Ligand code: 6PG
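In my numbering, the protein residues as written are 128 to 355.
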């Protein structure tokens, strides 16, 4: 049962991923955010590349990550590496707050949770969506995924993979604008459940302000068309 208090996101669907990325960059330009949270993964890369081409006051912008795989910064799995590559020099003109590697994953997450405290609420948060309904590093299989007593935490989704550090739902909810970026037919089920407010971590976010999903037609293929 979806709580009537839980607002559902507005869905904007585009012909293809490029059109969706252009809209994401347009939203960034319109909002001109100073405190931005960036999701990892493959989907947002093109959006970040287009955003990097915008003429903004980059030196006034603080950038954060929704989550990070606890691997060296030059490891292809690092979200910070992907963001730096996609944003190019803008990542250095702005202040990109990565998860510290000085300490272990749990201490790194704790430090990050303290660091973001001075930047809340976030002006704009980009989110991704996994096929299983995860977002950030909040996985359905992890009993902690709906922890709201901390702003950030670390855990290991499986024994083989790396530790992950992630913002919690409590931190992600502190977003004035939240925009999910979702492409591909493989995400259609997860997106349908997200739009219905079903039982997946991505549907448990409750941003303070505007709540948007940008998708391509393939990902939106499972979402019921609004009546009328
Ligand atoms: C990560 C992301 C994760 C991502 C989804 C979708 O660290 O991988 O934060 O939540 O957004 O897994 O990833 P794709 O965009 O690659 O499908």
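Glycine included, C-beta positions come from ideal geometry on N, C-alpha and C. What you are looking at is a predicted structure, and each value in this text was computed from that prediction instead of being measured.
From the options, residue whose alpha carbon lies closest to that of residue i
i: residue 236; options: 213, 319, 264, 176; result: 264
i: residue 136; options: 305, 221, 171, 191; result: 305
i: residue 349; options: 326, 321, 333, 330; result: 321
i: residue 307; options: 338, 183, 319, 214; result: 338
i: residue 298; options: 312, 331, 206; result: 331
i: residue 162; options: 250, 186, 238, 194; result: 250
i: residue 173; options: 224, 153, 183, 244; result: 153
i: residue 243; options: 324, 280, 352, 309; result: 280
i: residue 358; options: 232, 229, 233, 212; result: An answer regarding residue 358 cannot be provided, because it is not within the stretch 128 to 355 covered by the chain.
i: residue 210; options: 150, 179, 345; result: 179
i: residue 171; options: 303, 206, 247; result: 206
i: residue 157; options: 139, 326, 231, 182; result: 182
i: residue 326; options: 190, 260, 345; result: 260
Inter-residue CB distance, residue i and residue j (contact presumed, cutoff 8 Å)
i: residue 269; j: residue 284; result: 6 Å
i: residue 226; j: residue 166; result: About 14 Å; that fails the 8 Å criterion.
i: residue 301; j: residue 323; result: That belief does not hold up - the Cβ atoms of residue 301 and residue 323 are roughly 24 Å apart, past 8 Å.
i: residue 196; j: residue 267; result: No, residue 196 and residue 267 are not in contact; Cβ-Cβ is about 18 Å, not under 8 Å.
Cβ-heavy atom distance, residue i to ligand 1, below 7 Å
i: residue 271; result: no
i: residue 255; result: yes
i: residue 261; result: yes
i: residue 194; result: yes
i: residue 206; result: yes
i: residue 225; result: no
i: residue 264; result: yes
i: residue 169; result: yes
i: residue 166; result: yes
Span of the beta strand (DSSP E) around residue i
i: residue 164; result: 162 to 165
i: residue 291; result: 291 to 294
i: residue 282; result: 279 to 282
i: residue 195; result: 194 to 196
i: residue 341; result: 337 to 343
Span of the alpha helix (DSSP H), counted from its first residue to its last, around residue i
i: residue 137; result: Looking at the DSSP string, residue 137 is not in any alpha helix (DSSP H); the run it does join, the beta strand (DSSP E), is 137 to 141.
i: residue 316; result: 315 to 323
i: residue 242; result: 232 to 243
> Using 8 Å as the Cβ pair cut-off and three pairs as the minimum, do the segment 218 to 238 and the segment 315 to 329 touch?
Replying inline: By the Cβ test, the segment 218 to 238 is not in contact with the segment 315 to 329, since fewer than three Cβ pairs between them sit closer than 8 Å.
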